[in-house]
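Asks: Got a structure for you, written out below as structure tokens; questions coming shortly.
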Amino acid sequence: MERIPSAQPPPACLGKLPALESGDVLDFAHMYQVYKPRRGRGGPRETYKLPHRLIEKKRRDRINECIAQLKDLLPEHLKLTTLGHLEKAVVLELTLKHVKALTNLIEQQQQKIIALQNGLQAGE
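Residues 681 to 804 (our numbering) are what the sequence shown spells out, left to right.
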């Protein structure tokens with residue numbers, strides 16, 4: 681069987697769990713490793729679709745949560761450059777702009793530090 685990379689590894693107690701019924705798949709799939717049948721073998725495609733949908737939804741939820749956190753970290757003056765709701769793409773663009781500005785600022789500060797250190801050494 682092929683392993684889905686985004687699924688969680690099974691806990692040590694996995695072998696001690698009771699048998700599952702078809703309705704338990706949604707509750708169970710997000711916590712444990714999910715396997716899909718190889719092509720040409722196994723049951724119908726529906727056996728794979730529910731866990732795949734759940735895994736995909738969790739992935740989208742993680743992305744959305746990260747974008748929301750990035751939005752919260754943005755300075756207010758950048759948030760005010762747009763009107764109303766910030767779209768995900770705008771949040772990512774503003775974050776990129778802010779990180780580049782901070783990187784440039786760090787480089788400038790490092791150059792100033794080096795210049796001051798050189799001035800101190802020359803004055804000694």
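Cβ coordinates follow ideal geometry from the N, Cα and C atoms, glycine included. Since the structure is predicted, the reported quantities are computational estimates derived from the model, not experimental observations.
Looking at K777: is its Cβ nearer than 8 Å to the Cβ of I747?
Replies: Going by C-beta atoms, K777 is not nearer than 8 Å to I747.
Asks: Excluding sequence positions up to five away, which residues of its chain have a Cβ less than 7 Å from the Cβ of E787?
Replies: Cβ neighbours of E787 beyond the five flanking positions: none.
Asks: Quick test of your reading: V771 and K751, contact by CB under 8 Å. State the CB separation rounded to the nearest angstrom.
Replies: About 5 Å; that satisfies the 8 Å criterion.
Asks: So H778 is in the alpha helix (DSSP H); what residue range does that whole segment cover?
Replies: Segment 768-803, the alpha helix (DSSP H) holding H778.
Asks: Cutting at 7 Å between CB atoms, please list the residues of its own chain near T762, excluding the five before and the five after it.
Replies: Here the set comprises V770.
Asks: Assign L760 to buried or exposed, taking buried as 16 or more other Cβ atoms, counted over all protein chains shown, within 10 Å of its Cβ.
Replies: Flag for L760 reads exposed.
Asks: What is the rounded straight-line gap between the Cα of A802 and the Cα of N784?
Replies: Their backbone Cα atoms lie some 27 Å apart in a straight line.
Asks: When you compare only the Cα positions, how much space is there between E745 and K780?
Replies: Each residue's alpha carbon lies about 22 Å from the other.
Asks: Just to confirm before moving on: does the CB-CB distance between L753 and L774 stay below 8 Å?
Replies: It is not a contact, given that the beta carbons lie outside the stated cut-off.
Asks: Could you give the first and the last residue of the continuous alpha helix (DSSP H) run that contains L754?
Replies: First-last for L754: undefined, no H or E at that position.
Asks: Have a look at I743 and N798 and give me their C-alpha separation to the nearest angstrom.
Replies: The alpha-carbon atoms of I743 and N798 are separated by roughly 46 Å.
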